[in-house]
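*Asks:* What follows is a structure written as structure tokens; I'll ask about it next.
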Amino acid sequence: MSGAPVVEGWRHVSSGKVRELYVPASTADVAGATELLLVASDRVSAYDFALEPPIPGKGELLTRLSRFWFEQLGDVPNHLLTPSGTTTPVPDAVAARSMHVMPLRMFPVECVVRGYLVGSGWAEYQETGSVCGVELPAGLSDGDRLPEPIYTPAYKAPQGEHDENISFERTEELVGAADAASLRDLSLAVYSEAAAIALQRGVVIADTKFEFGRDADGLIRIADEVLTSDSSRYWDAVAYESGNRTDSFDKQIVRDWLSAHWDRTGTPPVLPDEVVERTAARYRELIERLGA
Ligand code: ATP
Ligand code: MG
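When you number the sequence shown by our numbering, it's gap-free, plus one each residue, and the end is 292.
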């Protein structure tokens with residue numbers, strides 16, 4: 001695709017909403033690639049739109065968060081390659097916002113775990129009393145902590161289409177019963193481990209989304225970005241306990257501004273400098289809090 005930055009030694013293969021994917025320039029056939037470079041841009045997406053302008057430093061901050069969590073969750077197999085296991089160097093210019101990873105066969109499931117009822121989960125609960133087929137107790141309010149974390153998968157729609165919340169049974173049809181159960185169990189375990197670590201540092205992980213893939217040996221690995229402020233909702237624990245449920249470290253600032261200034265028809269308006277700066281500052285603060 002045009003517009004993607006040139007990375008020396010690498011060939012661009014596709015653009016996500018936020019990241020660019022590259023294979024080594026010497027790769028004849030993309031499907032046969034043994035290394036993949038995921039380069040995070042400063043783009044911010046909300047409601048399936050990449051917004052203007054980008055958030056300065058965001059790609060680097062999110063990459064740092066992913067690396068931090070991959071390290072914290074050392075027991076969970078992940079997609080990072082160690083430098084000794086690679087042949088194509090990553091240029092310094094993009095190193096801080098790149099992940100050098102194994103190409104995996106990705107499951108078409110966004111593995112969402114919710115510890116708190118908020119966003120689309122809250123919306124669905126108000127209509128049906130459940131989220132993705134998971135029955136919840138009556139009388140819960142927006143932002144409430146759930147009795148226990150729940151797994152609410154979504155179908156990862158092809159580029160340009162909306163991801164769609166699905167039932168666990170639907171994931172069994174998509175990937176088979178055994179893998180569906182593995183994805184659920186892994187997601188819940190990783191969320192609980194990470195949420196406990198974050199809470200010790202004064203931060204609530206309200207919900208998050210994981211992606212998994214299978215490597216050439218058949219092992220399921222956690223892939224993509226992990227527990228970044230793009231894939232997760234992070235709240236200040238002290239503010240939350242004192243009843244302030246709007247104090248977030250993620251792109252909620254952007255979503256809130258958009259909801260107030262855009263009716264979700266046509267293209268979204270350009271974000272004002274103040275929103276861009278506040279979002280960048282919150283991302284940096286999260287990194288400091290977590291010690292990432
Ligand atoms: P969004 O995250 O905004 O919904 P997106 O997921 O399409 O959009 P990006 O996150 O920008 O786009 O792009 C990353 C892409 O790389 C995703 O499609 C993800 O599934 C894929 N991916 C991540 N890790 C791997 C891996 N190890 N092997 C193969 N594909 C991967
Ligand atoms: Mg993504």
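For each residue, glycine too, the CB sits at the ideal point set by N, CA and C.
(1) Measure the C-alpha to C-alpha separation of Y155 and S231 and round it to an integer number of angstroms.
(2) Tell me which same chain residues have a C-beta within less than 7 Å of the C-beta of V275, skipping the five on either side of it?
(3) With H, G and I counted as helix, E and B as strand and the rest as coil, what does DSSP make of Y201?
(4) Do G57 and R284 come within 9 Å of each other at the CB atom, strictly closer than that value?
(5) Closest to R282 by CA distance: which of P89, E225, A123, K251 is it?
(6) Which residues bound the beta strand (DSSP E) around A50?
(7) Once you ignore the five residues that flank N165 on each side, which residues in its own chain have a CB closer than 6 Å to its CB?
(8) My guess is that W262 and P269 are in contact by the Cβ rule of under 8 Å, so how many angstroms apart are they, rounded?
(9) Using CA atoms only, rank isn't needed, just tell me which of F168, A206, G85 is closest to D144.
(10) For W257, which of helix, strand or coil comes out of DSSP?
(11) With a cut-off of 8 Å on the beta carbons, I'd call L146 and R201 a contact; round off their distance for me.
(12) Quick one: grab the DSSP three-state call for A221.
(13) If you follow the beta strand (DSSP E) that L38 is part of, which residue opens it and which one closes it?
(14) Taking just the CA atoms, how far does E241 sit from T217?
(15) Among L61, E8, G3, which residue has its Cα nearest to the Cα of F249?
*Replies:* Looking at the atomic coordinates:
(1) Here residue 155 refers to the residue found at position 155 when the sequence shown is read from its first residue. Here residue 231 refers to the residue found at position 231 when the sequence shown is read from its first residue. Whole-angstrom Cα-Cα distance: 15 Å.
(2) Here residue 275 is taken as the residue at index 275 of the sequence shown, counted from 1. These residues qualify, in order along the chain: I253, V254, W257.
(3) In the sequence shown, counting from the first residue as 1, residue 201 sits at position 201. Strictly speaking, residue 201 in this sequence is Arg, with Tyr absent from that position. The answer is coil: DSSP assigns R201 none of H, G, I, E or B.
(4) Taking the sequence shown and counting its residues from 1, the one referred to as residue 284 is at position 284. Taking the sequence shown and counting its residues from 1, the one referred to as residue 57 is at position 57. Taking 9 Å as the Cβ cut-off, R284 and G57 qualify as a contacting pair.
(5) Within the sequence shown, residue 282 is the residue found at index 282, counting from 1. Here the closest residue by C-alpha is K251.
(6) Here residue 50 is taken as the residue at index 50 of the sequence shown, counted from 1. Segment 49 to 51, the beta strand (DSSP E) holding A50.
(7) Translated into positions along the sequence shown, residue 165 becomes position 165. Answer for N165: C132, A154, listed in chain order.
(8) Position 262 of the sequence shown, counted from the first residue, corresponds to residue 262. Position 269 of the sequence shown, counted from the first residue, corresponds to residue 269. Cβ-Cβ separation between W262 and P269: approximately 6 Å, consistent with a contact (criterion under 8 Å).
(9) Position 144 of the sequence shown holds residue 144. The shortest C-alpha separation from D144 is found at A206.
(10) Mapped onto the sequence shown, residue 257 falls at position 257. Note: W257 maps to helix in three-state DSSP.
(11) For the purposes of this step, residue 146 is taken as the residue at position 146 of the sequence shown. For the purposes of this step, residue 201 is taken as the residue at position 201 of the sequence shown. Wrong, their Cβ atoms sit about 21 Å apart, outside the cutoff.
(12) Here residue 221 corresponds to residue number 221 of the sequence shown, with the count starting at 1. A small fix is needed here, since residue 221 is Arg in this sequence, not Ala. Here R221 sits in strand by DSSP.
(13) Indexing the sequence shown from 1 puts residue 38 at position 38. First-last of the beta strand (DSSP E) with L38: 36 to 40.
(14) Against the sequence shown, residue 217 aligns to sequence position 217. Against the sequence shown, residue 241 aligns to sequence position 241. Looking at the sequence itself, residue 217 is Asp, so the reference to Thr does not match. Those two C-alpha atoms are separated by around 45 Å.
(15) For this step, residue 249 is matched to residue 249 along the sequence shown. Of the listed residues, the one whose Cα sits closest to F249 is L61.
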